[in-house]
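Protein chains: 2
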Amino acid sequence: MNPTEFYKNLADDIRLKSILLIAQEGELCVCELMAALAESSQPKISRHLALLKSSGLLLTRKQKQWVFYSINPDIARWAQQVISLTLKENIDFITPHLQALHLMGARPERIASCCE
Amino acid sequence: MNPTEFYKNLADDIRLKSILLIAQEGELCVCELMAALAESSQPKISRHLALLKSSGLLLTRKQKQWVFYSINPDIARWAQQVISLTLKENIDFITPHLQALHLMGARPERIASCCE
DNA sequence: TAGTTATATAATAATTTTATTATAAAATGA
DNA sequence: TCATTTTATAATAAAATTATTATATAACTA
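Protein sequence lines, in the order shown, are assigned to chains A and B. Mapping of the first sequence onto this note's numbering: position 39 corresponds to residue 39, and the numbering continues sequentially without gaps. Mapping of the second sequence onto this note's numbering: position 94 corresponds to residue 94, and the numbering continues sequentially without gaps.
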């Protein structure tokens, strides 16, 4: 992934917010991102996540009926630093979405892989 | 400039390379960027620069017949850090363009503002 | 002043990206 | 098994971005 491709991934509101929310929370499933980004439809979010996955920025883990997305730890260090710097210095950019997320009822329970 | 807008500015080859070349060199005029990005036409480069200027990322200074573009020092600190981190960790991304630039004959002389 | 160099802009066409709607598939649970 | 929940995908439409070509402007130079 060259720098331009990397930044194309960040150059969209839904994609950037999803990345920052996932970076903040560790991992999130599609239904949690739907709750956080309440104004966006499910296929819209799914398509953007599919894009980020196919470019190698996100990983997925399937557990029961949920698909959890996380930041791929194998992306270049500078890219990880860009994401965490952007998150740290722009919390207000995702604050309302974090609030919506934490207000969400019935969040899927996470089961550590050791106990499945 | 919110984070998404900022990253839209970086999400194009000509724009990102121009930004990194300018960050590396301090300031560059359009004809120098044309020499560096030899494969791109003048109006193409001018239009992308106009975009970056209108979004507040670049400043211009006119000296004689040339227009010199530089990074606006007033953009958010995190944004400046993103640019310098990207530059530092991806020199190879612009190396051929820096070489073309330094091979360019008759680069416009810079006159410090004190001596104009 | 006429020609040249450097840069910008406008009009249009081409391309790419994004959204919408409908539907499918996979897993769960009654 | 049937209904429900969660997620993905496909088809199409809509919107946004980008490229191309032509032209304009401004400054310098002979």
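Backbone N, C-alpha and C fix where the C-beta goes; we use that ideal spot for every residue, glycine too.
Point to revise | For alanine 38 of chain A, the nearest candidate out of A:Leu58, A:His48 and A:Ile14 (CA to CA) | key: Along the first sequence, one-based indexing puts residue 38 of chain A at 38. The shortest C-alpha separation from alanine 38 of chain A is found at A:Ile14.
Check your understanding: Leaving out the 5 sequence neighbours to the left and right, which residues in its chain are closer than 6 Å to serine 18 of chain B when beta-carbon positions are compared?
Key -> Taking the first residue of the second sequence as 1, we reach residue 18 of chain B at position 18. Answer for serine 18 of chain B: Leu33, listed in chain order.
Check your understanding: If you pair each beta-carbon of the region 100-109 of chain A with each one of the region 56-76 of chain B, do three or more pairs fall below 8 Å?
Key -> no
Review point. Among residues of its own chain, excluding the 5 on either side of serine 54 of chain B, which ones have a beta-carbon nearer than 7 Å to its beta-carbon?
Key: By one-based count along the second sequence, residue 54 of chain B stands at place 54. Correct list: empty, nothing qualifies.
Review point. Rounded to the nearest angstrom, how far is the Cβ of leucine 16 of chain A from that of threonine 4 of chain B, given a contact under 8 Å?
Key: Sequence index remark: in the first sequence, residue 16 of chain A carries index 16 (1-based). Sequence index remark: in the second sequence, residue 4 of chain B carries index 4 (1-based). Confirmed, about 5 Å.
Exercise for review: Just the C-alpha distance for leucine 28 of chain B and leucine 21 of chain B, rounded to the nearest angstrom, thanks.
Suggested key: For this step, residue 28 of chain B is matched to residue 28 along the second sequence. For this step, residue 21 of chain B is matched to residue 21 along the second sequence. Cα-Cα distance, rounded: 8 Å.
Check your understanding: With burial defined as no fewer than 16 other Cβ atoms inside 10 Å of the residue's Cβ, what is the status of asparagine 145 of chain A: buried or exposed?
Key -> A question about residue 145 of chain A goes unanswered here, because the residues of chain A that appear run from 1 up to 116.
Point to revise | Beta-carbon contacts of glutamine 160 of chain A that lie in its chain and below 8 Å, excluding the five residues immediately before and after | key: Since the first residue of chain A shown is 1 and the last is 116, residue 160 of chain A is not available in this structure.
Review point. Can you list, in chain order, the residues of its chain whose CB lies under 6 Å from that of arginine 61 of chain A, leaving out five sequence neighbours each side?
Key: Here residue 61 of chain A refers to the residue found at position 61 of the first sequence. Around arginine 61 of chain A: Phe68.
Point to revise | Length of the line joining the Cα atoms of leucine 51 of chain B and glutamine 63 of chain A | key: Here residue 51 of chain B is taken as the residue at index 51 of the second sequence, counted from 1. Here residue 63 of chain A is taken as the residue at index 63 of the first sequence, counted from 1. Cα to Cα, leucine 51 of chain B sits roughly 44 Å from glutamine 63 of chain A.
**Study point:** Limits of the beta strand (DSSP E) - the one that glutamine 63 of chain B falls within
**Key:** Your numbering for residue 63 of chain B matches position 63 in the second sequence. Residues 58-63.
Practice item. With a 10 Å radius around its C-beta and 16 neighbouring C-beta atoms as the bar for buried, classify histidine 48 of chain A as buried or exposed. Key: Against the first sequence, residue 48 of chain A aligns to sequence position 48. Histidine 48 of chain A comes out buried.
Practice item. Measure from the C-beta of glutamate 25 of chain B to each C-beta in chain A and report whether the shortest distance is under 7 Å. Key: On the second sequence, position 25 is the one that residue 25 of chain B refers to. No, no contact with chain A.
Check your understanding: Taking Cβ positions only, does alanine 36 of chain B come closer than 7 Å to chain A?
Key -> Here residue 36 of chain B corresponds to residue number 36 of the second sequence, with the count starting at 1. No, its Cβ sits nowhere closer than 7 Å to a Cβ of chain A.
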